[in-house]
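Inspection log for the structure reproduced underneath, given as structure tokens.
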């Protein structure tokens with residue numbers, strides 16, 4: 001059986017999990033505390049990162065490359081449109097969230113509020129957290145602006161861009177750091193994506209010693 | 222005419238320039254000192270980054286998304302193979318260089334040795350430079366290992382993975398920070414890619430106040 005080495009609240013792992021689930025590809029989930037760099041894990045992946053997908057005996061890394069591969073070998077339902085400009089827009093937004101949003105928002109907030117605790121690395125730095133919480137407003141406003149014109153983030157079809165954004169936002173929602181009242185558009189979009197069967201496994205996630213926020217698993221939030 | 226807003230020694234801009242040139246798509250190059258955040262520039266791209274490609278009136282950002290778009294609309298010569306596993310390998314290596322190599326090597330070294338000087342932000346931090354120069358060895362060894370089995374980085378055809386790697390290495394070569402004697406395979410690979418007509422415009426680059434290293438533009442180095 002195919003296997004995904006992952007970590008519970010990693011947006012990059014969640015993006016792959018959503019893609020696999022949406023395409024009904026079964027996979028065994030194996031949690032990997034990658035920062036402990038166990039010799040066996042480092043042999044699998046010298047880059048020392050998750051996700052790693054073991055697919056037909058091959059070890060695959062890099063979430064965007066994995067998701068595009070999955071979309072090519074299992075095209076139903078399609079997560080990238082077929083016209084080049086539509087595909088460009090999906091990829092642009094994937095980079096937006098995986099690079100820019102991660103750097104400004106999800107990376108610093110999750111690091112301070114979750115990973116430092118899990119790895120016993122001390123207390124969160126409140127200035128860093130505040131910076132992330134200030135930056136998320138601008139990103140939600142940008143999503144709001146996109147969703148004024150579009151049904152989904154990259155256009156009229158649900159795409160990998162939506163999964164990428166939802167992967168990051170769902171991690172922040174676990175620790176209650178998303179102000180869903182800031183934009184009706186964004187809240188409606190998240191409600192739509194959260195109620196998909198592919199999302200269920202994410203909503204069942206539990207990080208030991210850290211309960212999810214009350215609205216985390218609620219479809220009506 | 223299409224236009225590329227770029228900065229001389231940016232690997233991400235170089236990757237797009239190589240792709241455009243390889244496909245013989247003419248483009249007007251406009252240098253943009255993006256860190257000065259001129260109001261006109263910020264209107265074009267609220268993310269405040271280069272490259273930006275103005276293509277048929279549209280403004281496009283994110284180098285990987287742009288290059289894949291160009292490969293789809295102008296398929297000759299093809300920069301991604303047609304089989305899903307081959308495409309995965311190209312994309313995996315693009316992420317390897319654009320994320321990991323940039324974070325460990327080209328980002329810190331270029332920032333300390335070039336951008337601080339250009340932006341008048343003080344002197345290079347020698348510990349950061351040393352860290353980058355230590356990390357590059359491991360990356361060259363990894364490339365050496367790949368090139369033992371393959372003609373090009375991702376397989377038997379030249380691909381976007383080669384352009385991505387060459388874009389980063391060529392910036393470091395401008396300031397003489399690549400030890401080409403570490404690997405015969407890597408040196409031969411770089412000589413092959415450097416001698417392509419698409420590379421010429423990069424080899425003519427000059428950053429004001431900072432001369433390129435003597436071997437930078439030499440095809441026989």
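Chains as they are written, first to last, in my numbering: chain A, 1 to 221; chain B, 222 to 442. From the three backbone atoms N, C-alpha and C, an ideal C-beta is built for every residue, glycine too.
Legend entry - Cβ neighbour criterion (16 or more within 10 Å) applied to residue 335 of chain B: With 16 or more Cβ atoms within 10 Å of its Cβ, residue 335 of chain B is classed as buried.
Inset, instruction - State the Cα-Cα distance for the pair residue 315 of chain B and residue 182 of chain A, rounded to the nearest angstrom. - result: Cα to Cα, the separation comes out at about 36 Å.
Legend entry - Validate contact between the region 259-266 of chain B and the region 408-428 of chain B using beta carbons, cut 8 Å, 3 pairs: Contact fails: fewer than three Cβ-Cβ distances are below 8 Å.
Inset, instruction - Mark residue 278 of chain B as exposed unless 16 or more other C-beta atoms lie within 10 angstroms of its C-beta, in which case mark it buried. - result: With fewer than 16 other Cβ atoms within 10 Å, it is exposed.
Legend entry - Inter-residue spacing [alpha-carbon to alpha-carbon] between residue 429 of chain B and residue 339 of chain B: For residue 429 of chain B and residue 339 of chain B, the distance between alpha carbons rounds to 9 Å.
Legend entry - One or two residues paired with residue 28 of chain A in a DSSP bridge: Answer by DSSP bridge pairing, in chain order: A:3.
Inset, instruction - Output, in chain order, the set of chain A residues within a Cβ distance shorter than 9 Å of residue 309 of chain B. - result: Correct list: 60, 62, 65, 66, 68, 69, 72.
Legend entry - At least 3 beta-carbon pairs within less than 8 Å: the region 301-315 of chain B vs the region 120-137 of chain A: The region 301-315 of chain B makes no contact with the region 120-137 of chain A; the number of CB pairs closer than 8 Å stays below 3.
Inset, instruction - Compare the C-alpha of residue 380 of chain B against each of B:285, B:224, B:226 and name the closest. - result: Nearest Cα to residue 380 of chain B within the set B:285, B:224, B:226: B:285.
Inset, instruction - Note down, in chain order, every chain B residue with its Cβ under 7 Å from the Cβ of residue 47 of chain A. - result: Simply 321.
Inset, instruction - Quick one: measure Cβ to Cβ for residue 139 of chain A and residue 178 of chain A, integer angstroms, because I've assumed they're closer than 8 Å. - result: At roughly 10 Å, the Cβ-Cβ gap does not stay under 8 Å, so residue 139 of chain A and residue 178 of chain A are not in contact.
Inset, instruction - Compare the C-alpha of residue 45 of chain A against each of A:166, A:4, A:100, A:85 and name the closest. - result: Each of A:166, A:4, A:100, A:85 was checked against the Cα of residue 45 of chain A, and the nearest Cα belongs to A:4.
Inset, instruction - Under the assumption that residue 71 of chain A contacts residue 59 of chain A (Cβ atoms under 8 Å), give the Cβ distance between them as a whole number of angstroms. - result: Contact doesn't hold; Cβ gap of about 19 Å is too wide.
Inset, instruction - Return no unless some Cβ of chain E is closer than 8 Å to the Cβ of residue 371 of chain B. - result: The question asks about chain E, but that chain is absent: this structure's protein chains are A and B.
Legend entry - Extent of the continuous alpha helix (DSSP H) to which residue 34 of chain A belongs: Where residue 34 of chain A is concerned, there is no enclosing alpha helix (DSSP H), given that its DSSP letter is neither H nor E.
Inset, instruction - Count the other C-beta atoms from every protein chain shown that fall within 10 angstroms of the C-beta of residue 49 of chain A, then say buried if there are 16 or more, exposed otherwise. - result: Counting the other CB atoms within 10 Å of its CB gives residue 49 of chain A a total of 16 or more, which places it among the buried residues.
Inset, instruction - Say whether chain A places a C-beta atom closer than 8 Å to the C-beta of residue 327 of chain B. - result: Closer than 8 Å: no.
Inset, instruction - Would you please verify whether the beta carbon of residue 302 of chain B is less than 8 Å from any beta carbon of chain A? - result: No, residue 302 of chain B lies away from the interface with chain A (no Cβ there is under 8 Å from its Cβ).
Legend entry - Amino acids of chain A, ordered along the chain, whose beta-carbon sits closer than 8 Å to that of residue 305 of chain B: Within 8 Å Cβ-Cβ: 69, 72, 73.
Legend entry - Boundaries of the alpha helix (DSSP H) in which residue 385 of chain B is found, first to last residue: That run of the alpha helix (DSSP H) goes 381-395.
Legend entry - Beta carbon proximity, residue 316 of chain B to chain A, threshold 8 Å: By this cut-off, residue 316 of chain B is an interface position.
Legend entry - Extent of the continuous beta strand (DSSP E) to which residue 282 of chain B belongs: Per DSSP, residue 282 of chain B is one residue of the beta strand (DSSP E) stretching across 279-282.
Legend entry - residue 265 of chain B at chain A interface by Cβ criterion, 8 Å: Taking Cβ atoms only, chain A never reaches closer than 8 Å to residue 265 of chain B, which makes this a no.
Legend entry - Residue-chain proximity (residue 54 of chain A, chain B), Cβ-Cβ < 8 Å: Interface flag for residue 54 of chain A against chain B is unset, since no Cβ pair is found closer than 8 Å.
Legend entry - C-beta atoms of residue 17 of chain A and residue 201 of chain A nearer than 8 Å: Against a cut-off of 8 Å, the Cβ pair of residue 201 of chain A and residue 17 of chain A comes out as a contact.
Legend entry - Extent of the continuous beta strand (DSSP E) run through residue 264 of chain B: Run containing residue 264 of chain B: none in the beta strand (DSSP E); it sits in the alpha helix (DSSP H), 260-265.
Legend entry - Cβ pair residue 168 of chain A, residue 101 of chain A closer than 8 Å: Cβ distance < 8 Å, so residue 168 of chain A and residue 101 of chain A count as in contact.
Inset, instruction - From the DSSP output, in three-state form, read off residue 123 of chain A for me. - result: Note: residue 123 of chain A maps to coil in three-state DSSP.
Legend entry - Reduced DSSP category for residue 202 of chain A - H, G, I as helix; E, B as strand; rest coil: In this structure, residue 202 of chain A counts as helix in the three-state DSSP scheme.
Legend entry - Partner residues on chain A for residue 313 of chain B, Cβ-Cβ distance less than 7 Å: Here the neighbours are 61, 62, 65.
Legend entry - Selection from B:395, B:256, B:343 that minimises the alpha carbon distance to residue 268 of chain B: Closest by alpha carbon: B:256.
Inset, instruction - Pull up the distance between the alpha-carbon of residue 332 of chain B and that of residue 134 of chain A, whole angstroms please. - result: Each residue's alpha carbon lies about 26 Å from the other.
Inset, instruction - Please state whether DSSP places residue 376 of chain B in a helix, a strand or coil. - result: In the three-state reduction of the DSSP assignment, residue 376 of chain B falls in the strand class, which pools E and B.
Inset, instruction - Tell me where the beta strand (DSSP E) around residue 334 of chain B begins and ends. - result: Where residue 334 of chain B is concerned, there is no enclosing beta strand (DSSP E), because DSSP gives it neither an H nor an E.
Inset, instruction - Could you tell me how far apart the beta carbons of residue 123 of chain A and residue 173 of chain A are, in whole angstroms, since I believe they sit closer than 8 Å? - result: Actually they are not in contact, since the Cβ atoms of residue 123 of chain A and residue 173 of chain A sit about 22 Å apart, beyond 8 Å.
Inset, instruction - Using a threshold of 8 Å, state whether the C-beta atoms of residue 6 of chain A and residue 20 of chain A are closer than that. - result: Contact: no.
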